[in-house]
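Here the structure comes first, spelled out in structure tokens, and everything after it is commentary.
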Amino acid sequence: MTHLPEWLSDAVFYEIYPQSFQDTNDDGIGDIPGMVSRLGYIQSIGCNAVWVNPWYDSPFGDAGYDVRDYKLVAPRYGSNADAKRFFNEAHARGIHVLIDLVPGHTSIDHPWFRASAQPEKNRFSGRYIWSDSVWESTDIPCLRGISQRDGSVGVNFFSNQPALNYGYAKRTRPWMAAPDSPDALATREAMKDVMRFWLDMGADGFRVDMAASLVKADEESRETIRLWQDFRAFLDAEYPRCAMVSEWGVPARSIEGGFHMDFMLHFGPPAYTSLFRSSHPFFSREGKGDITIFLETYLRHLASTQGRGLICIPSGNHDMPRLARGRNAHDLKICFAFLLTMPGAPFIYYGDEIGMRYLEGLTSVEGGYDRTGSRSPMQWKNGGGYGFTNAKTSYIPFDGSADAPTVAAQEGDAGSLLNTVRELVKLRREHPALRSFGEFVPVFAEAGRYPFAYERRGGGERLLVVLNPAQRQERVPFDCSGKVLFEAGGVPAAGIVPACSACIISK
């Protein structure tokens, strides 16, 4: 595998959901000119990288993850020229840009699929997964009777997203292609062509949607790993600086496949959800969580990377409830003290840095369903459109609470969540031990016990992080003396860690 791009050792990412970030043409939907106008804000947080959710042309049955044209910006967001300007303006500020790559499926409106659905054989007939008869299901969810082609077509999840054909590791039916079949290889080459297009325009890399799902019936992911190794070989030959982060959740596999980074995610093992989003999360005032659920999985994943890649722990994303659900601003400061002092590259979901809330009970918008409440427009300032838009309404309703958090209200408050996040990012940038590859050494982490304490080591320094989100003080058996670099809620003293506190101490 290629070496990691040097900038990843100090990367702090900001996730931009384009349709909800900043509207400049008053249609109630965010756009790329709006993203450009807010780059200074992202830079002010200290973020030096962004992940942009899909901005491709789409019918928006699944918020843009149903791609109609991989090489065209959706007109509601602007133009390809706007995208190039975004790359250029971001780079001028020292910000790297990863865009979402959606290689597993397209929209049913994509020209590839329309051609594939024709009864006459053509060069796209094998671009998707089709059975040989309309009466025979595929081994994944499928659609049938939607065209004159005799066959059922597999879909990855929603019925508007037919699955692209990268072959089957285990083949039990004649229509199942091998991963090295001409049709499966043609799909790979088509996706490489998409990647070339955006890398030539200025992208620094990709976050890859559903990266583990491409080769079907691949229980051990061996063929999927080989597929991504082929992609990495292509990138090493033509775009060696291209950075790649996977939606996989198994770093041992994704990093072997050639990815530089993998997310800890809300699906799969309960490690990530046990922190913030389980029935009794560790980061909760009730104090009934268990940090070992997270730590056992995390340490195993960390060891599996062997220093070859990064594990990313996000504040959240567009697919899960907001971090602020069930927490106040002080609680969130403790969460961010954790997120911004752990190894790997942290990802901040837009609005989490001001404590934007999950909006309960919203009607689904663009395939969001229960995720819609985490996708409401960014709240820049008080007022009808929150500084997001001058339109009377937005495509997703705003937070109607009288105390809805805004950037403007927090900018001038030194103790605000926003300025605490800035302080923590600055601390991370100033201390080598806190960066992506600093050593991580647990100091206190016991089942059902609080606090969670660990050291970060590197650059000749040792920093102790002590986190007690529970609403009770705790006595600890380790030394908390040293220079206090950051505190929220109080400093440990005489072996007592204050309730609802976070502290970073230089040893």
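Per our numbering, the sequence shown runs over residues 1 to 507.
Think of the CB as a built atom: it goes at the ideal place given N, C-alpha and C, for glycine as much as any other residue.
Q. When the Cα of Glu220 is compared with those of Asn419, Phe267, Ser58, Ala169, which residue comes out closest?
A. Ranking the options by Cα distance to Glu220, first place goes to Ala169.
**Q.** Run of the beta strand (DSSP E) containing Cys142, from where it starts to where it stops
**A.** Note, Cys142: beta strand (DSSP E), 142-144.
Q | Pairwise C-alpha distance: Met201 and Glu6 | A | Taking the straight line joining both Cα atoms gives about 21 Å.
Q. By DSSP, does Leu299 sit in helix, in strand, or in coil?
A. Helix.
Q) Rounded to the nearest angstrom, how far is the Cβ of Met378 from that of Gly351, given a contact under 8 Å? A) Between the beta-carbon of Met378 and that of Gly351 there is about 6 Å, and that keeps the pair under the 8 Å contact cut.
Q. Nearest-angstrom Cα distance between Ile334 and Glu360?
A. Going by the C-alpha atoms only, they are around 24 Å apart.
Q. Taking the DSSP output, what are the residues bridged to Ala49?
A. Bridge partners of Ala49: Phe13, His96.
**Q.** Inter-residue CB distance, Gly307 and Ala470 (contact presumed, cutoff 8 Å)
**A.** At roughly 33 Å, the Cβ-Cβ gap does not stay under 8 Å, so Gly307 and Ala470 are not in contact.
Q: Assign Lys543 to one of two classes, buried (16 or more other C-beta atoms within 10 Å of its C-beta) or exposed (fewer than that).
A: Residue numbering for the chain in the displayed model covers 1 to 507; residue 543 lies beyond these limits and cannot be assessed.
Q. How big is the Cα-Cα spacing for Leu4 and Arg173?
A. Leu4 and Arg173 have their alpha carbons spaced roughly 40 Å apart.
(Q) Based on DSSP bridge pairs, tell me the residues matched to Lys483. (A) In the DSSP assignment, Lys483 forms a beta bridge with Ser506.
Q) What three-state label does DSSP hand His105 in the structure shown? A) In the structure shown, His105 sits in a strand (DSSP, three-state: E or B).
(Q) By the three-class DSSP mapping on this structure, what secondary structure does Leu164 have? (A) Note: Leu164 maps to strand in three-state DSSP.
(Q) I need the DSSP call for Ser20, collapsed to helix, strand or coil. (A) It is helical.
Q. Can the beta-carbon of Ala186 be found less than 9 Å from the beta-carbon of Arg123?
A. One thing to note: Ala186 has its Cβ within 9 Å of the Cβ of Arg123.
Q. Just curious, the alpha helix (DSSP H) that Met35 is in, first and last residue?
A. In the DSSP assignment, Met35 falls within the unbroken alpha helix (DSSP H) covering 32-37.
Q) So, are the CB atoms of Asn317 and Phe276 less than 9 Å apart? A) Result no, Cβ atoms of Asn317 and Phe276 do not sit closer than 9 Å.
**Q.** For Val465, three-class secondary structure by DSSP
**A.** In the three-state reduction of the DSSP assignment, Val465 falls in the strand class.
Q) Cα-Cα, which of Gly489, Tyr369, Gly61, Gly151 is closest to His110? A) Among Gly489, Tyr369, Gly61, Gly151, the Cα nearest to that of His110 is on Gly61.
Q: Would you mind reading off the limits of the alpha helix (DSSP H) that contains Met508?
A: Residue 508 lies beyond the stretch modelled for the chain, which goes from 1 to 507, so this question has no answer here.
Q) Is Asp262 helix, strand or coil by DSSP? A) DSSP, read as helix, strand or coil, puts Asp262 in strand.
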